[in-house]
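Note sheet for the following structure.
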Amino acid sequence: MHAGTTDHPFDPGILGRAAELGRLDRLLGAVDGSGPQVLVLAGEPGTGKSTLVDRAAERGREQGLGILRVRGSEGEAGLGLSGMHQLLHPLLPGTGLPAGQREVLDRAFGPQAAEYELRLDQLSLCVGVLGLLTEAAARRPLLLLVDDAQWLDLGSVDVLAFLARRLEGRPVVLLLAAREDGVPARFDRAFPQITLGPLSRTAAGQLLDAQPDPPRGKTRAEILQQAAGNPLALIELPRALARGRTGDMGAGGAGGATLPLTARLENLFAADLPGLPAPTRAALLLVAAAGPARLTDLIRAAPELDLVAALDPAERAGLVRVADGGVLLRHPLVRSAVYHAASFHERRQAHLALAAALTGEPDRRAWHLAAAATGQDAAVADALAESAERARGRGGFAAAATALERAAELTPAPDLRARRLLTAAQAAMFAGHPQWVGELSGRVGGMTDDPRLRAEASLLGGWALGVTLRHEEALALLLGVAEATATSAPDLALGALSTAATSVYNSGAPRHRAELDRIDGLIEGDADPAGRAWARAAVDPVHERPLLTRHLTEGLAVLAREESLGNLTAVGGTAWILDETEQAVRVLGRTMDVLRRAGSAGTNATVTQALALALFENGSWTAAEEAAHEAFWMATEAGADNVTVGAGLLRATLHALRGDPATARAEALRAVRGVDLRRSLSLQVRHRHALGMAAFAAGDHADAYEQLRATFTRDFRPDPVHYHASLYYLGDLTAAAVRAGRADDARTVADAVLHGLKPDPSPRLAAVLHRATALLTDTDDAERHFRAAVDDPATDCWPFEKALAHLDFGEWLRRRRRSAEARPHLTAALECFQRLDARPWTERTTAELRAAGAAGAATAPAAVGELTPQELQIAELAAQGLTNRDIAARLYLSPRTVGYHLHKIFPKLGITARAQLRDALTEGGRG
Numbered sequence: 035m036h037a038g039t040t041d042h043p044f045d046p047g048i049l050g051r052a053a054e055l056g057r058l059d060r061l062l063g064a065v066d067g068s069g070p071q072v073l074v075l076a077g078e079p080g081t082g083k084s085t086l087v088d089r090a091a092e093r094g095r096e097q098g099l100g101i102l103r104v105r106g107s108e109g110e111a112g113l114g115l116s117g118m119h120q121l122l123h124p125l126l127p128g129t130g131l132p133a134g135q136r137e138v139l140d141r142a143f144g145p146q147a148a149e150y151e152l153r154l155d156q157l158s159l160c161v162g163v164l165g166l167l168t169e170a171a172a173r174r175p176l177l178l179l180v181d182d183a184q185w186l187d188l189g190s191v192d193v194l195a196f197l198a199r200r201l202e203g204r205p206v207v208l209l210l211a212a213r214e215d216g217v218p219a220r221f222d223r224a225f226p227q228i229t230l231g232p233l234s235r236t237a238a239g240q241l242l243d244a245q246p247d248p249p250r251g252k253t254r255a256e257i258l259q260q261a262a263g264n265p266l267a268l269i270e271l272p273r274a275l276a277r278g279r280t281g282d283m284g285a286g287g288a289g290g291a292t293l294p295l296t297a298r299l300e301n302l303f304a305a306d307l308p309g310l311p312a313p314t315r316a317a318l319l320l321v322a323a324a325g326p327a328r329l330t331d332l333i334r335a336a337p338e339l340d341l342v343a344a345l346d347p348a349e350r351a352g353l354v355r356v357a358d359g360g361v362l363l364r365h366p367l368v369r370s371a372v373y374h375a376a377s378f379h380e381r382r383q384a385h386l387a388l389a390a391a392l393t394g395e396p397d398r399r400a401w402h403l404a405a406a407a408t409g410q411d412a413a414v415a416d417a418l419a420e421s422a423e424r425a426r427g428r429g430g431f432a433a434a435a436t437a438l439e440r441a442a443e444l445t446p447a448p449d450l451r452a453r454r455l456l457t458a459a460q461a462a463m464f465a466g467h468p469q470w471v472g473e474l475s476g477r478v479g480g481m482t483d484d485p486r487l488r489a490e491a492s493l494l495g496g497w498a499l500g501v502t503l504r505h506e507e508a509l510a511l512l513l514g515v516a517e518a519t520a521t522s523a524p525d526l527a528l529g530a531l532s533t534a535a536t537s538v539y540n541s542g543a544p545r546h547r548a549e550l551d552r553i554d555g556l557i558e559g560d561a562d563p564a565g566r567a568w569a570r571a572a573v574d575p576v577h578e579r580p581l582l583t584r585h586l587t588e589g590l591a592v593l594a595r596e597e598s599l600g601n602l603t604a605v606g607g608t609a610w611i612l613d614e615t616e617q618a619v620r621v622l623g624r625t626m627d628v629l630r631r632a633g634s635a636g637t638n639a640t641v642t643q644a645l646a647l648a649l650f651e652n653g654s655w656t657a658a659e660e661a662a663h664e665a666f667w668m669a670t671e672a673g674a675d676n677v678t679v680g681a682g683l684l685r686a687t688l689h690a691l692r693g694d695p696a697t698a699r700a701e702a703l704r705a706v707r708g709v710d711l712r713r714s715l716s717l718q719v720r721h722r723h724a725l726g727m728a729a730f731a732a733g734d735h736a737d738a739y740e741q742l743r744a745t746f747t748r749d750f751r752p753d754p755v756h757y758h759a760s761l762y763y764l765g766d767l768t769a770a771a772v773r774a775g776r777a778d779d780a781r782t783v784a785d786a787v788l789h790g791l792k793p794d795p796s797p798r799l800a801a802v803l804h805r806a807t808a809l810l811t812d813t814d815d816a817e818r819h820f821r822a823a824v825d826d827p828a829t830d831c832w833p834f835e836k837a838l839a840h841l842d843f844g845e846w847l848r849r850r851r852r853s854a855e856a857r858p859h860l861t862a863a864l865e866c867f868q869r870l871d872a873r874p875w876t877e878r879t880t881a882e883l884r885a886a887g888a889a890g891a892a893t894a895p896a897a898v899g900e901l902t903p904q905e906l907q908i909a910e911l912a913a914q915g916l917t918n919r920d921i922a923a924r925l926y927l928s929p930r931t932v933g934y935h936l937h938k939i940f941p942k943l944g945i946t947a948r949a950q951l952r953d954a955l956t957e958g959g960r961g
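Residue 354 in the numbering used here sits at position 320 of the sequence shown, and the numbers go up by one each step.
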């Protein structure tokens, strides 16, 4: 891409990439926190990603940034944390860190890491790496460069994603480059991304004309056509022509006209090899087989070669660079070309030589032996399985899944092969990769006749389908397993039923609920009381609440005896769906603790979303927002579409309730883009609720009513679109209806709901129904319903819903000239709205209080509302008297970062000293 013409003020040698270079400049400028601190650079091979990464490194050095760099390697993609080791090597061992973090880093990256058998907690590792970078950045701002990320090991991608989401407040920026079809799922949609497309014909022509021997006439046009704007091809094809390869070009390209561009380029690079001496070709193949290689390893692998001398012709030709004790190929396509130009026998010998040289590194050795295998090999399969166990012990579930998948391919015994593939699927589930889980579990059935293994594989496959919003397919698998094993393996049947219950709930389809209920009746015994409680609650949480509450009590008793992940998840879900919200918060919070200890970051997304919903309903909006944010990023990384959409909708709802309807609408629409909501009715009604509340906050009551009305059908007797979720939106629907002049239509909905319910709903749902009835009642009988909605102390754990009822009742009383009675209700509502920062309702309640004659009614100072959730958290802890170091320990930050945030908090609150924090927060309604 380099040439002599200028299209960027700082980079005169790069053609056709002015916009991309501008984005890089903005990224480097964001090291002070003034903009996005992560940028993903995507493009097909040869589009100049590495050139731009190199230029970012040059610009970063000019600005005084410290550079940390890693380049993914196809050969090390199965080695857990190899990429992070390459990135962090200049900073290790991190002598300035606390002892605990140093120990974690030593376990992961120290000399004995491969043999360390103790479990390495994934969260502790991520926090340790974050601490190491924070410590380094305190001395000098950092630029992290990740090239060829498509070949990074998944464990390193997980850690990088953790870091990328926590750069705020740290002088660190991250540039990640990957092939367009290989951007890691952790980064695919989560961060700002630019895609390097082909150069324009003008820029391509300029680049071609800048080559040493620029072609002319028909040949020039042919190269431009075949290069299709690919900068690397535009540079390499003229070199091929200069070597006299015009005949191949005329036939359709060096690799043949039917091959894709990338294959043509790889074959083009391979064409250079015959002109090199045989020892040089052998050395290059060894380098290609090894991936990023230490020179000492290569020398041990080829004692018969003078390796440094053998590489000299390749280095002079620009194919490799030998420096700092390592050997790097010029470009990944060079590696592909060298590797695939060799015969299998030659590649196999290279891998065997490397395996012999790596006897002290069992993980790398196992992978080289696997690459050299000519067929199934029990010993090599065992070595890979042992490597997987070591990876699992370090919390590297992705690396473990990769190793077990290859181990299964090499395992001769069919049942053991199937079991290893099943274990690989389980590891992939814990790593948070549902699509991979589906692929792995789907292959188990063809390997074994063992009904238990086949059923377990179907259960995993059903989980993966459900998490990716394919509920119909998920339930076909899961309900089939549950019915088939109902008598022969009731424990497995209940596991399948419990997993199916989540898809049944999200789908909302009546036929699925009926089928779940039918199969539940076939399963005798109670091998899994917690799972069964969740399955039964998911069928009908409203009409059978007394019986289900007893099941929940039994599930809690099971937890007291055995606090397994499955029991915690099932009991937490059951408590939430039965409106035992405080219990749900406790159990789901405990579930998160267990997951973090196990290093199972991948499965946290679904649990975190459930916790976020419970926290939201419980009035812990700041915590709910943080949990939803975390769930969204984890789900985006994992491809867990159900959580990605759900967490996005919860964030949209919070934006609406806090008075930002434009952002709420944009977030809600973005969350469901490309999703068929007809197949997930729970998400459909939550989407409508988010849009309805956004319209309500904007004062558009007609649109608010239409959106909320869509949570019920348009039948003569309206039914809930979702049998459970829709019911809780009835109060908001009627509130919008009264203001939009649609009370009669809303009354048909309310009457239908009341007609279909049994007389013993949960206190929460009863309060919603009383509020709706009161709003639609034109007589003084409304007062009875209002009082029923606000007087029950059991409803205190749903503060926002209760505050809405207080507000409606206060307005009703004031309109009847009972202002003295109205003021306590309005004051109670205002206190809640201020605490939650529900600004539209705060303003409305304040106006009502003034109209009711309350003196000094005012909204909370806007300054507090300007704090970000993390700033508010830090401010509250500092107001309690905690030091910066204490706060840092609690929030996994550095003391320097805490100080940075306090430096921004003080001006926002209009204070100058730490001692003023408590009063400032109290005055803002948050004390």
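Cβ coordinates follow ideal geometry from the N, Cα and C atoms, glycine included.
Residue i: buried (16+ other C-beta within 10 angstroms of its C-beta) or exposed?
i, result
"P294", "The predicted model places P294 with a pLDDT of 32, which falls under 50 and marks its position as unreliable; any figure quoted below should be read in that light. Exposed, by the Cβ-count rule."
"A728", "buried"
"A348", "buried"
"S116", "buried"
"E877", "exposed"
"R712", "exposed"
"E338", "exposed"
"S158", "buried"
"T39", "Low confidence applies here, because T39 scores a pLDDT of 32, under 50, leaving its location unreliable and the question unanswered by this model."
"Q29", "Any property of residue 29 remains undetermined from this structure, which presents the chain solely from 35 to 961."
Going by the beta-carbon positions, is the gap between residue i and residue j smaller than 9 Å?
i, j, result
"A322", "V368", "yes"
"P326", "L362", "yes"
"A183", "L210", "yes"
"L122", "W401", "no"
"P205", "G67", "yes"
"R51", "L86", "yes"
"G144", "P127", "yes"
"A839", "F867", "no"
Alpha carbon to alpha carbon, what distance is there between residue j and residue i?
i, j, result
"P795", "R504", "31 Å"
"L233", "A261", "10 Å"
"R849", "D812", "13 Å"
"A700", "H804", "33 Å"
"D779", "L499", "39 Å"
"T879", "L841", "7 Å"
"S964", "L715", "No answer is possible for residue 964: the residues shown for the chain start at 35 and end at 961."
"G134", "T917", "20 Å"
"G33", "Q950", "Here the chain covers residues 35 to 961 and nothing more, so residue 33 does not appear."
"A896", "A442", "Because the pLDDT of A896 is 44, which lies under 50, any placement of that residue in the model is unreliable, and the number read from its coordinates should be weighed accordingly. Spanning the two alpha carbons is a distance of roughly 60 Å."
Can you name the start and end residues of the alpha helix (DSSP H) that residue i belongs to?
i, result
"R504", "Segment: none, R504 is in no alpha helix (DSSP H) and carries neither H nor E."
Residue i lies in the beta strand (DSSP E); which residues open and close that run?
i, result
"Q227", "227-230"
"V180", "176-181"
"L75", "72-77"
"L362", "360-363"
Using 8 Å as the cut-off, classify the Cβ of residue i as near or not near the heavy atoms of the ligand SAM, replying yes or no.
i, result
"A459", "This structure lacks the ligand SAM, and indeed carries no ligand of any kind."
- Query: Are there three or more Cβ pairs, one per stretch, closer than 8 Å when the region 569-578 is compared with the region 604-620?
  - Reply: yes
- Please determine if the region 433-443 and the region 187-202 are in contact, where contact requires at least 3 C-beta pairs separated by less than 8 Å. yes
- Segment contact, 8 Å Cβ cut-off, at least three pairs: the region 876-886 with the region 907-917: no
- Message: Under 8 Å, with one C-beta from each stretch per pair, do the region 642-653 and the region 672-690 reach the 3-pair mark?
- Response: yes
- Message: I'd like to know if the region 476-484 and the region 508-519 are in contact, where contact means that at least 3 CB-CB pairs between them fall below 8 Å.
- Response: no
- Task: Would you be able to state if there are at least three C-beta pairs under 8 Å between the region 812-831 and the region 784-792?
- Result: no
- Query: Counting Cβ pairs closer than 8 Å, one from the region 719-737 and one from the region 757-764, do we hit at least three?
  - Reply: yes
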